Structures are given as structure tokens and as C-alpha cells.
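No gaps in the numbering here: position 60 of the sequence shown is 89 in this note's numbering, and each next residue is one more.
Don't be surprised by glycine CBs; every beta carbon is placed ideally from N, CA and C.
Computed from a predicted model, the values in this text were never measured in an experiment.
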Amino acid sequence: MVLALGCLTAQGAQAAQAGQPRAAGPCDANYTGGCVPIARDVDCSSGSGNGPAYVTGPVQVIGTDVYGLDRDNDGIGCEQS
Numbered sequence: 030m031v032l033a034l035g036c037l038t039a040q041g042a043q044a045a046q047a048g049q050p051r052a053a054g055p056c057d058a059n060y061t062g063g064c065v066p067i068a069r070d071v072d073c074s075s076g077s078g079n080g081p082a083y084v085t086g087p088v089q090v091i092g093t094d095v096y097g098l099d100r101d102n103d104g105i106g107c108e109q110s
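So this is what it looks like as C-alpha cells:
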């Protein structure tokens with residue numbers, strides 16, 4: 030069994046709000062510390078982005094920040110302000 034923490038798609042967020050389990054999907058290898066899903070666009074769940082996929086941070090950027098999750102370029106994405 031593979032468990033991916035901190036990874037939400039729009040459907041997964043709705044399922045989580047409804048108290049249903051969510052399926053783990055493939056995670057982007059550019060990030061660690063949480064599952065950043067491989068999607069057309071990923072936004073921080075605490076931000077104002079429109080998805081379609083979301084990640085609960087913080088996550089560490091270990092490659093290219095393809096989704097722009099690390100706004101201040103300190104190597105940590107989706108930080109709580």
C-alpha cells in the first residue's frame with residue numbers, strides 16, 4: 030500500500046470534506062515532504078489558486094518548481110504565512 034500525504038485533487042478535496050477517503054495518485058519528483066500531484070496545474074490548498082489540483086504544505090522544492098509553489102524562492106513551497 031502506498032500512502033501519499035498532503036495531496037488533493039479537486040475531487041479529493043470534495044471527498045475529504047464529505048468524510049470519504051481519497052485516492053493517492055502519482056507525485057511530482059520535484060518536491061518532497063508531501064505529495065504534489067502531477068497535474069495540469071497545482072496550487073497550495075491554503076492559497077487563492079483555482080486548481081484543478083491542490084497540495085497541503087509545506088513541501089520542499091528539490092528540483093524545478095514547475096507549479097510556482099515557492100513564491101519567495103527559499104526552497105519551501107506552500108508555507109503558512
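By alpha-carbon distance to residue 97, the top candidate from 106, 76 and 62 is 106. When DSSP reads this structure, residue 72 sits in a beta bridge with 83. The residue from 109, 102 and 70 with its alpha-carbon nearest to that of residue 90 is 102. Per DSSP, reduced to three states, the secondary structure at residue 107 is coil, with no helix or strand assignment.
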